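For the sequence shown, position 27 matches number 27 in full-length UniProt numbering, and the numbering has no gaps at all. All remarks here apply to the structure that follows.
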Amino acid sequence: MQSFNYVNVGNGLPLAPIIGIKITAPEWLDKNGEYSIDAFLDTGSDCTLIPLEIISSLDLSIVDSYVEITGVAGGRVDGYACYANIWLGEKCVRAVRVYGCESKSLENRVLIGRDVLNQCCVNFDGVNSRLTIDD
1 MQSFNYVNVG NGLPLAPIIG IKITAPEWLD KNGEYSIDAF LDTGSDCTLI
51 PLEIISSLDL SIVDSYVEIT GVAGGRVDGY ACYANIWLGE KCVRAVRVYG
101 CESKSLENRV LIGRDVLNQC CVNFDGVNSR LTIDD
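Structural data, given as structure tokens:
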């Protein structure tokens, strides 16, 4: 089991479940390299969003041209679908369909949605400002 402390994001907002993750290309792309970045674990998001820079850095293949992604408050971002492996500590969720978006709309983080979270055993402990992920 891996434990992570929630992070202070400032502006008087509550501490948030943000952890350092790694992203790699799926095995079928036969590409090396990894990209390390902070990620916000968002149980309210259906899908995982990554900054576009990760797609180019890892040379991931875009499988869908422009997709419009709508947030809960009606905000919209343009996304480009590709597949990637998402590493939450030692736990790897393989070949997830993720959407590349402009970094500024993601505050230079990855947004991990339920497409990844539903493949893991994650305990959000808001009282103690910690989360745990079972290996």
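Backbone N, C-alpha and C fix where the C-beta goes; we use that ideal spot for every residue, glycine too. Keep in mind it's a predicted model, so treat the numbers as computed, not measured.
Span separating the alpha-carbon of residue i from that of residue j
i    : j    : result
I77  : L52  : Strictly speaking, residue 77 in this sequence is Val, with Ile absent from that position. Distance between the alpha carbons of V77 and L52: 12 Å.
V93  : G20  : 15 Å
N85  : A73  : 28 Å
P126 : I54  : In the sequence on display, residue 126 carries Gly and not Pro. Each residue's Cα considered, the two are about 30 Å apart.
N128 : T70  : 32 Å
K91  : V122 : 11 Å
T24  : S36  : 9 Å
V9   : F124 : 17 Å
E68  : I112 : 17 Å
C101 : G75  : 13 Å
A16  : N5   : 9 Å
Strand pairing of residue i, partner residues [DSSP]
i   : result
P51 : C101
K91 : L88
Y35 : I23
C82 : I62 and V98
Supposed close pair residue i, residue j - CB separation, criterion 8 Å
i   : j   : result
W87 : K31 : With a Cβ gap of about 15 Å, W87 and K31 do not count as contacting.
A81 : V63 : 5 Å
V98 : L49 : 7 Å
Y83 : P26 : 5 Å
L29 : S56 : So it is not a contact: roughly 14 Å between Cβ atoms.
Close-in-space but distant-in-sequence residues of the same chain around residue i (CB under 7 Å, 5 per side omitted)
i    : result
S3   : R130 and T132
S105 : V77
N108 : P51
G89  : Q2 and I133
Cβ shell of residue i (< 6 Å), same chain only, five flanking positions each side left out
i   : result
D59 : K31
I18 : V7, D38 and F40
M1  : T132 and D134
G33 : L58
Contact with chain B by residue i, beta-carbon distance below 7 Å
i    : result
N108 : Among the chains of the structure shown, chain B does not appear; only one protein chain is present.
Beta-carbon contacts of residue i that lie in its chain and below 8 Å, excluding the five residues immediately before and after
i   : result
C65 : Correcting the residue type first, residue 65 is Ser in the shown sequence and not Cys. Excluding sequence neighbours, S65 sits near Y80.
Check whether the segment 108 to 117 touches the segment 36 to 49, taking contact to mean three or more Cβ pairs, one atom from each stretch, closer than 8 Å. Between the segment 108 to 117 and the segment 36 to 49, the count of C-beta pairs closer than 8 Å reaches three or more; the two stretches touch.
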